[in-house]
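Heads up, the thing below is written out as structure tokens.
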Amino acid sequence: MNIKNEFLINPGKIGLNELRDIFFEKYNFFKLPKYSIEIMSNSVKSVDKLICNKDLKTVYGVNTGFGKLANTKIELEDLSSLQRNLILSHSAGVGEFLDNKIVTLISILKISSLARGYSGVRYELYAVH
């Protein structure tokens, strides 16, 4: 097998051939381009500015509940708990574990999507992976 050392995750622009190479483990290291890190940082600053704005009442999914609780404002001091609970609520699974190759593909696709800078996700989320 021909192993390439590094795959540059081009946010939102990963092709089928690249996904195939990732699946067949032709890369052993993944990284984001520097411009993507800056875009993510700017997105985080935008979210921070929104939640610190005393005049702005709510931003869905940022300082509100979800679904039927969308009109419930979450106070600034409770936002960390809200985000943690959101992650925990999605951390259930049923059935057999997924193959590591599939988990890697899913992770790369998710990182590629989030690194586009539209979600307010911090770079540290990627760095942990």
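Here full-length UniProt numbering is used: position 120 in the sequence shown is 120, and no number is missing along the way. A virtual CB, placed ideally from N, CA and C, is assigned to each residue, including glycine.
Check                                                                                                                                               : Outcome
Considering only the alpha carbon of each residue, which of Tyr126, Leu125, Ile108 and Arg122 lies closest to Lys13?                                : Ile108
How big is the Cα-Cα spacing for Ser80 and Ser41?                                                                                                   : 18 Å
Among the residues of its own chain, which have a CB less than 7 Å from the CB of Thr58, if the five just before and after it don't count?          : Thr64 and Lys73
For Phe30, which residues does DSSP report across the bridge?                                                                                       : Phe7
According to the Cβ coordinates, are Phe66 and Phe30 closer than 8 Å?                                                                               : no
Note down the Cα distance separating Tyr126 from Glu18, rounded to an integer number of angstroms.                                                  : 19 Å
Would you identify the three-state DSSP class for Lys73, choosing helix, strand or coil?                                                            : strand
With a Cβ-Cβ cutoff of 8 Å, do Phe103 and Leu114 count as a contact?                                                                                : What sits at residue 103 in the sequence shown is Val, not Phe. No, they are not a contact pair.
Assuming Glu25 and Lys101 are in contact, meaning their beta carbons sit under 8 Å apart, how far apart are those beta carbons, in whole angstroms? : 7 Å
Among the residues of its own chain, which have a CB less than 7 Å from the CB of Phe23, if the five just before and after it don't count?          : Lys101 and Leu105
Let me confirm a value: Ser43 is counted as buried when at least 16 other C-beta atoms fall within 10 Å, else exposed. Which label applies?         : buried
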